[in-house]
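Enquirer:
Protein chains in written order, with the numbering used here: chain A, 474 to 586; chain B, 945 to 1058.
1. CB-CB under 7 Å to residue 1035 of chain B, same chain, minus the five flanking residues each way: which ones, in chain order?
2. For residue 476 of chain A, collect the residues of the same chain with a Cβ closer than 6 Å to its Cβ; drop the 5 residues on either side in sequence, then sort them by chain order.
3. What's the C-alpha gap between residue 579 of chain A and residue 988 of chain B?
4. Within the same chain, show all residues whose beta-carbon is closer than 7 Å to that of residue 964 of chain B, passing over the 5 residues directly before and after it, in chain order.
5. From the DSSP output, in three-state form, read off residue 1045 of chain B for me.
6. Per DSSP, residue 548 of chain A forms a beta bridge with which residues?
7. Please name the residue, chosen from A:543, A:487, A:535 and A:491, that lies closest to residue 503 of chain A on a Cα-to-Cα basis.
8. What is the C-beta distance between residue 1015 of chain B and residue 1057 of chain B, in whole angstroms, given that I count them as a contact (C-beta under 8 Å)?
9. With DSSP run on the structure shown, which of helix, strand or coil describes residue 948 of chain B?
10. Name the chain B residues that come within less than 7 Å of residue 573 of chain A, Cβ to Cβ?
11. Okay, do the region 532-548 of chain A and the region 950-970 of chain B touch, 3+ Cβ pairs below 8 Å being the bar?
12. So for residue 557 of chain A, helix, strand or coil by DSSP?
13. Does residue 576 of chain A get closer than 8 Å to chain B when you measure Cβ to Cβ?
14. Name the two residues that bound the continuous beta strand (DSSP E) containing residue 1054 of chain B.
15. Expressed to the nearest angstrom, what Euclidean distance is found between the alpha-carbon atoms of residue 548 of chain A and residue 960 of chain B?
Here's what the structure looks like:
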């Protein structure tokens, strides 16, 4: 069975500071990992994904994520946070043989001016 | 700018009534997913289709929920009869079908069952 853990319900960061949103996963095969963002009353928007290759993946809006196989983590990062980055962030994983995503519980990012 | 569309965006109904939610996947996508989002359970997979055939509906209460794809441009999720515990936001997503493929989500249908 595949699972995803997002240990922080909320992350607070000041505008201009770097941000990290944590994600760990558990799968039986090779993981395909995704980050999505959800703004209020909106659907989920794709940010980035790791399939294979470089452990550092770059995505939309200046976000990037680092795949760490030994720590089974896929943390989302951004060097300089914007107030407009405030939203709900979801990590998700696909396991071998599955097409559907398993989502984490979500982390609310609050960027203060 | 291709997008997944969902209708209605909001639905308020009374317990016992039938509810039908519709989704138009991105043209050319051959997989469609239905997810439900609640505060308590987060995002849960209800069902998914590939080339209009249901591949997994194990997340769906079979006695009251049904999902279909009458054609490649329309997916439906029906609840009959609806119950207050069905109140949630229902998202449809579509993709190209490979395992590494990205799923693209619609805006969701917010269902409130009174």
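In this text, a Cβ means the ideal position worked out from N, Cα and C, and glycines have one as well.
Note that the structure is a prediction, hence the values are computed from the model and not measured.
Expert: In terms of the structure at hand:
1. Taking the second chain and counting its residues from 1, the one referred to as residue 1035 of chain B is at position 91. Closer than 7 Å at Cβ, skipping near neighbours: 979, 981, 1049, 1050 and 1052.
2. Locating residue 476 of chain A in the first chain gives position 3, where the first residue counts as 1. Cβ neighbours of residue 476 of chain A beyond the five flanking positions: 499.
3. Position 106 of the first chain, counted from the start, is the residue given in the question as residue 579 of chain A. Position 44 of the second chain, counted from the start, is the residue given in the question as residue 988 of chain B. Near 12 Å, if we compare the C-alpha coordinates of residue 988 of chain B and residue 579 of chain A.
4. Translated into the one-based positions of the second chain, residue 964 of chain B becomes position 20. Closer than 7 Å at the Cβ level, and outside the excluded window around residue 964 of chain B, lie 1020 and 1022.
5. Position 101 of the second chain, counted from the first residue, corresponds to residue 1045 of chain B. Residue 1045 of chain B: coil per DSSP, three-state reduction.
6. On the first chain, residue 548 of chain A is found 75 positions in, with the first residue counted as 1. According to DSSP, residue 548 of chain A bridges with A:539.
7. Here residue 503 of chain A refers to the residue found at position 30 of the first chain. Closest by alpha carbon: A:543.
8. If you number the second chain from 1, residue 1015 of chain B lands on position 71. If you number the second chain from 1, residue 1057 of chain B lands on position 113. About 28 Å separates the two Cβ atoms, so there is no contact after all.
9. For the purposes of this step, residue 948 of chain B is taken as residue 4 along the second chain, with counting starting at 1. Here residue 948 of chain B sits in coil by DSSP.
10. As a working note, residue 573 of chain A is residue 100 in the first chain. Simply 977, 989, 992 and 1000.
11. no
12. The sequence position of residue 557 of chain A within the first chain is 84, counting from 1. Reduced to three states, the DSSP call for residue 557 of chain A is helix.
13. Counting from 1 along the first chain, the entry for residue 576 of chain A is found at position 103. Yes - at least one Cβ of chain B is within 8 Å of the one on residue 576 of chain A.
14. As a first step, residue 1054 of chain B is located in the second chain; it is residue number 110 there, counting from the start. Taken as a continuous stretch (DSSP letters only), the beta strand (DSSP E) holding residue 1054 of chain B covers 1053-1057.
15. By 1-based counting over the first chain, the position of residue 548 of chain A is 75. By 1-based counting over the second chain, the position of residue 960 of chain B is 16. Residue 548 of chain A and residue 960 of chain B: Cα-Cα distance of roughly 44 Å.
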